[in-house]
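Chemist:
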Amino acid sequence: MLVYWSAKGHPIYPTMTDGQHIAYISDIGAQNLKPMFIAMSAVTVVTFDLAFIFERYLRHAGKLAPNTSNWQKLYSGISIIAAIVGAVGLILLTIFDNYHHNRMHNICLAIFIIGYIVSAIFICWEYQRLGIHYRQHSILRISFWIKLAFIIAEICLCIVFGVTQQYNKWNVAAVFEWIIAFVYTWYVLSFFIDFLPAVRTKHHQSHETEMQMAEEGGPQPRTMGDGAAESQQYFRGQSTNAVPHVNGNQGYTNGYATGEPGQNFYPNANGYNNNYPKPEAPLPSRNF
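Okay, structure coming up:
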């Protein structure tokens, strides 16, 4: 809107007073750009309020650092309610322009400013308490200081804005109104920082899921072959799991000599012959 007003050659609108040559935001919004003024303001505050609600949901779901007390949840709830009140104030002030509804416009402007300052105070309070309990999360401290700076800056700017209007310093007041709007824009954008831990958590969980799937679908462990010192493996190169055994059943030997005399039998672990023929000697290439 400021670019539009500048491109038009800084026109003087009917809502501007004598000696005023810098237009207020409302002066521009009350003219040809009123439909866009209403639409863009509504989209901005509705999206911003949804960010408050989504942040509350992510804390409740554990995607962000969860609240450690009911007081913190109360601060969050008050900040959401105050933000909704401020959003209603902004939407109404764009509808009740200062050309046709000057008094109502000023009331809605006050509701908008007070609503979002109260919202910022309580969400700042919540982040201050969270930062004490989660000292390892530096992003909570960064967000707290950003919100605190916004509160201090906006309160000071609003005081100057009101005083200059009271003393009919219209051009100075218009400049401070634009500054207040730009500071508010940066405050809205600062909430992207608050959602970074949720994005990192989602990426970390996705990476763990990929690793788990790779482990479950990967190749089976290889066996060591003859004489492998692996648990639950046969001693003669078998690849299936079983209890080790030596020439018998379930790890036991029969303990008796069986078969006919003269047959080529060999003794088992107990010194007795069994009915298994003695294996041939391995080829030289198999002697390791």
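Residue numbering for the sequence shown follows my numbering, beginning at 76 and increasing consecutively. Beta carbons are placed, not taken as given, at the ideal position from N, Cα and C, and that holds for glycine. A quick note: this is a predicted structure, and the numbers were derived from the prediction, not measured.
When DSSP labels each residue in this structure, what does P272 get in the three-state scheme?
Modeler: It is helical.
Chemist: Does the Cβ of K138 have 16 or more other Cβ atoms within 10 Å, making it buried, or fewer, making it exposed?
Modeler: Its Cβ being crowded by 16 or more others within 10 Å, K138 is buried.
Chemist: Roughly how far, in whole angstroms, is the beta-carbon of R131 from the beta-carbon of I155, given that I think they are within contact range, below 8 Å?
Modeler: Indeed, because the Cβ distance is near 6 Å, the residues count as touching under 8 Å.
Chemist: Taking Cβ positions, are A157 and V120 nearer each other than 8 Å?
Modeler: For A157 and V120, no; Cβs fall outside 8 Å.
Chemist: Among T92, H96 and M91, whose alpha-carbon lies nearest the alpha-carbon of G84?
Modeler: Of the candidates T92, H96 and M91, the one whose C-alpha sits nearest the C-alpha of G84 is H96.
Chemist: Would you say D124 lies against chain E (beta-carbon separation less than 8 Å)?
Modeler: Of the chains in the structure shown, none is chain E; there is only one protein chain.
Chemist: Can you look up P110 in the DSSP assignment and give me helix, strand or coil?
Modeler: Helix, per DSSP.
Chemist: State the DSSP-derived secondary structure class of K222, mapped to helix, strand or coil.
Modeler: Correct three-state label for K222: helix.
Chemist: Which of the three DSSP states is assigned to A304 in this structure?
Modeler: Here A304 scores only 45 on pLDDT, less than 50, and its place in the model should not be relied on; the value that follows carries that caveat. Here A304 sits in coil by DSSP.
Chemist: Rounded to the nearest angstrom, what separates L184 and G164 at their Cα positions?
Modeler: So the alpha carbons of these two residues sit roughly 6 Å apart.
Chemist: For I196, does the three-state DSSP call read helix, strand or coil?
Modeler: Helix at I196.
Chemist: Less than 8 Å separating the beta-carbons of F187 and L168?
Modeler: It is a contact, given that the beta carbons lie within the stated cut-off.
Chemist: Please identify the residue among Y88, I100 and I87 whose C-alpha is closest to the C-alpha of F257.
Modeler: F257 has its Cα closest to that of I100, out of Y88, I100 and I87.
Chemist: Helix, strand or coil: how does DSSP classify I87 here?
Modeler: I87 falls in the coil class under three-state DSSP.
Chemist: With distances taken from CA atoms, which of K244, H176, F267 and V263 is nearest A98?
Modeler: Residue K244 is the option with its Cα nearest to A98.
Chemist: In three-state DSSP terms, what is D102?
Modeler: Here D102 sits in helix by DSSP.
Chemist: Locate the alpha helix (DSSP H) running through T169, then write down its first and last residues.
Modeler: N145 to I170 is the span of the alpha helix (DSSP H), which, as asked, contains T169.
Chemist: Who are the near neighbours of W200 in its chain, counting only those whose CB is closer than 7 Å to its CB and skipping five residues on each side?
Modeler: So the qualifying residues of the chain are Y150.
Chemist: Could you work out which residue in G104, I166 and P141 is closest to V118 when comparing CA atoms only?
Modeler: Comparing Cα positions, the closest option is I166.
Chemist: With a threshold of 8 Å, are at least 3 pairs of Cβ atoms found where one atom belongs to the stretch 201-212 and the other to the stretch 233-250?
Modeler: Taking 8 Å as the limit for Cβ pairs, the verdict is that the stretch 233-250 does not touch the stretch 201-212.
Chemist: Compare the beta carbon distance of I214 and I268 with 8 Å and say whether it is the shorter of the two.
Modeler: Contact: yes.
Chemist: Report all residues from its chain with a CB closer than 6 Å to the CB of T143; omit the five preceding and five following residues, and keep chain order.
Modeler: Only H208 meet the Cβ criterion.
Chemist: According to the Cβ coordinates, are Y174 and F225 closer than 8 Å?
Modeler: Cβ distance not < 8 Å, so Y174 and F225 don't count as in contact.
Chemist: Suppose contacts are defined by Cβ-Cβ distances below 8 Å. Is Y88 in contact with L108 by that definition?
Modeler: No, these two residues do not count as a Cβ contact at 8 Å.
Chemist: Classify T90 as buried or exposed, calling it buried when 16 or more other Cβ atoms lie within 10 Å of its own Cβ.
Modeler: Buried, by the Cβ-count rule.
Chemist: Our contact map puts K222 next to A195 with C-beta atoms below 8 Å; I'd like the distance itself, whole angstroms only.
Modeler: Indeed they touch by this definition, with Cβ atoms about 6 Å apart.
Chemist: Which residues mark the beginning and the end of the alpha helix (DSSP H) in which T260 is found?
Modeler: From DSSP, the alpha helix (DSSP H) with T260 extends over W245 to L264.
Chemist: Taking the C-alpha atoms as reference points, what is the distance between I189 and L77?
Modeler: The alpha-carbon atoms of I189 and L77 are separated by roughly 24 Å.
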